[in-house]
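Protein chains in written order, with our numbering: chain A, 1 to 158; chain B, 1001 to 1158.
Number of protein chains: 2
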Amino acid sequence: MKNKIERIQKIKEIISSTKIESQGQLLDILLEEGYDLTQATLSRDLKRMRIAKVGDGCGGYSYILPGQNVAKTLNTSHSSSVPASNWFISIDFSGQFCVIKTRPGYAGGIALDIDAKEADQIMGTIAGDDTILVILRGGVRKKELINILRDIIPIIDK
Amino acid sequence: MKNKIERIQKIKEIISSTKIESQGQLLDILLEEGYDLTQATLSRDLKRMRIAKVGDGCGGYSYILPGQNVAKTLNTSHSSSVPASNWFISIDFSGQFCVIKTRPGYAGGIALDIDAKEADQIMGTIAGDDTILVILRGGVRKKELINILRDIIPIIDK
DNA sequence: TTTTACAATGTATATTTTTTCAATATTTTA
DNA sequence: TAAAATATTGAAAAAATATACATTGTAAAA
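As structure tokens, then:
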């Protein structure tokens, strides 16, 4: 009972640095770290802390802290070997444009990955800190681009 | 199948205007409105829409749209734009003193927030760089102070 | 101190949510 | 248009999450 505050703190740390897909996964980590608790307690903690479970945009789920739109990016690598879910926020299409949102700092690197594919269908990319604009050639369809991006964003939707 | 887009739109409307505590409740509303679907489809919709289920701070749960910021709702009177979870380290009580540890640099600002409450129970605060000393009036109990700090430090919720 | 109230937690269970699988429907391609 | 590829969905099963209840620990009051 004494270590509740400490546990709460630890949960925050884990959630902000690791992608958590279920309470079971988080529970395992906490148990490994030496905390002694059950899933029931974890459920109560998450409820009180207002930590939310939300679709991750890549076919899975992710737990997020309140206000974690500006989550810090602990994963320095952005190469294709890193699961997309570590940097990916959203993808949107409008006319000949595709806008990909990433966690802060990732856009430039991911844009390079996209450029490296040298796809005919892509006229070019422009990247800021957390947003990539992909400009498509006329007549290129959404699905076509998704296929090109598939190994950068393994599962866009499922 | 044609009405999927319409249904998605309706879900957004409902979520933003009504407190939804479970998919079952949302499903009932949609059925009453004439939409024909099952809970399984709803689960998929919510996942794709990245709608989250989160503790409502009053003992229940609530579904929220991606844009809605949970921390803001919680910290209504907190002038700082920084969510509590980003600065809070620990809180301790001893006699008429309460010591709050923060991440470096935050103590002063948080102390201002505490002062702004102008609570009778608090005689004053002294802040360093990462520590706040809250001096309580005689007879003020721990629980009482926690109630006062509740919307500055949401974590100590209970 | 002793009593009392309340908070924290685990266990077991209930509830809710997610997914698998199969059937259709829709869209794209040829 | 017909065939092929994709997407959407429901029903049922599986998985995940939440809670009722009982117990124990902690703090406040007397």
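Backbone N, C-alpha and C define an ideal beta-carbon position, used for all residues, glycine too.
Among the residues of its own chain, which have a CB less than 7 Å from the CB of residue i, if the five just before and after it don't count?
i	result
residue 21 of chain A	60, 61 and 62
residue 1082 of chain B	Reliability of the predicted coordinates at residue 1082 of chain B is poor, the pLDDT of 38 falling under 50, and no value is obtained from them.
residue 117 of chain A	148
residue 29 of chain A	14
residue 90 of chain A	57 and 101
residue 1180 of chain B	Because chain B is modelled from 1001 through 1158, residue 1180 of chain B falls outside the range shown and cannot be assessed.
residue 115 of chain A	125
Following the continuous beta strand (DSSP E) through residue i, name the residue where it begins and the one where it ends.
i	result
residue 1136 of chain B	1131-1136
residue 1062 of chain B	1061-1064
residue 125 of chain A	122-127
residue 100 of chain A	97-102
residue 1019 of chain B	Element bounds for residue 1019 of chain B: n/a, residue is neither H nor E.
residue 1055 of chain B	1052-1055
List the residues of chain A that residue i touches, going by C-beta distances under 8 Å, in chain order.
i	result
residue 1150 of chain B	Correct list: empty, because the minimum Cβ distance to chain A is about 12 Å.
Skipping 5 residues on each side, what residues in its chain have a beta carbon closer than 8 Å to that of residue i?
i	result
residue 38 of chain A	27
residue 110 of chain A	78, 87, 100, 102, 127, 132 and 152
residue 1097 of chain B	1133, 1134, 1135 and 1136
For residue i, go through chain A and note every residue whose CB falls closer than 9 Å to its CB, in chain order.
i	result
residue 1053 of chain B	52, 53 and 54
By the criterion of Cβ-Cβ separation under 8 Å, what are the contact partners of residue i in chain B?
i	result
residue 57 of chain A	1050
Hey, quick one: how far does the alpha helix (DSSP H) through residue i stretch, first residue to last?
i	result
residue 108 of chain A	107-116
residue 41 of chain A	39-49
residue 147 of chain A	142-149
residue 29 of chain A	23-32
Could you pull out every residue in the same chain whose Cβ sits closer than 6 Å to the Cβ of residue i, ignoring the five residues on either side in sequence?
i	result
residue 1052 of chain B	1064
residue 35 of chain A	7
residue 1056 of chain B	1062
residue 50 of chain A	66
Check your understanding: Relative to chain A, which residues along the segment 1016-1038 of chain B have a C-beta separation below 8 Å, given in chain order?
Key -> none
Review point. In chain order, what residues of the segment 37-51 of chain A put their CB closer than 8 Å to some CB of chain B?
Key: 46, 47, 48, 49, 50 and 51
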